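Below: one structure, written as structure tokens.
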Amino acid sequence: MMEWMKIDQVAKRSGLTKRTIRFYEEIGLLSAPKRTEGGVRLYSEDDMEELEKVMQAKEVLGFSLQELQSFMEIGKQLELNKEGYLLSLDPKERLEKLLDIEAQLTVQHQLISKSLKPFNPLKRILKR
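Residue numbers (numbering that gives the first Met the number 0): 0 to 127.
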């Protein structure tokens with residue numbers, strides 16, 4: 000049976016405020032969680048994993064909210080294309096999915112490279 004968490008539990012576990020979690024949902028960084036008939040948000044472990052990905056991208060890569068939105072959206076599209084590739088038996092469709100995946104990975108790589116650029120001088124110093 001699936002365990003559900005309320006927003007206060009997610010906030011405590013993640014270290015984020017409830018307001019931040021709601022904001023991330025509003026701007027599309029997080030998928031809308033399941034709700035009770037009374038409107039109380041219920042989060043699954045999958046929701047928690049999605050939140051952790053957002054937090055890691057923000058903290059480790061220093062992404063702005065706009066960059067985060069792009070990065071997370073591309074990640075979702077990658078998953079859909081991967082599923083489409085695996086389910087398709089048509090070679091042309093599979094090639095199309097692979098080309099889409101390649102393009103999306105290129106965009107993600109560019110976002111990551113851009114965020115890591117400020118570390119290049121430090122890398123050069125440390126390599127000496």
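For glycine and all other residues, C-beta sits at the position ideal for the given N, C-alpha and C. From a predicted model like this one, the values you see are computed outputs, not experimental measurements.
When DSSP reads this structure, Y42 sits in a beta bridge with M4. The beta carbon of W3 lies closer than 6 Å to those of L41 in the same chain, with the five residues before and after it left out.
Beta-bridge partners assigned by DSSP to K33: L41. S43 is positioned such that its CB atom lies closer than 8 Å to that of M1. Closest in C-alpha terms to P32, from the list D46, F22 and I26, comes D46.
At the C-beta level, L60 and S114 come within 8 Å of one another. Non-local beta-carbon contacts of K52 in its own chain, meaning distances under 8 Å to residues more than five positions away in sequence, involve M71 and G74 in chain order. In the structure shown, D89 adopts coil according to DSSP, grouped into three states.
Taking all protein chains in view, the Cβ of V9 is crowded by 16 or more other Cβ atoms within 10 Å, so the residue is classified as buried. Rounded to the nearest angstrom, the gap between the Cα atoms of N119 and L77 is 28 Å.
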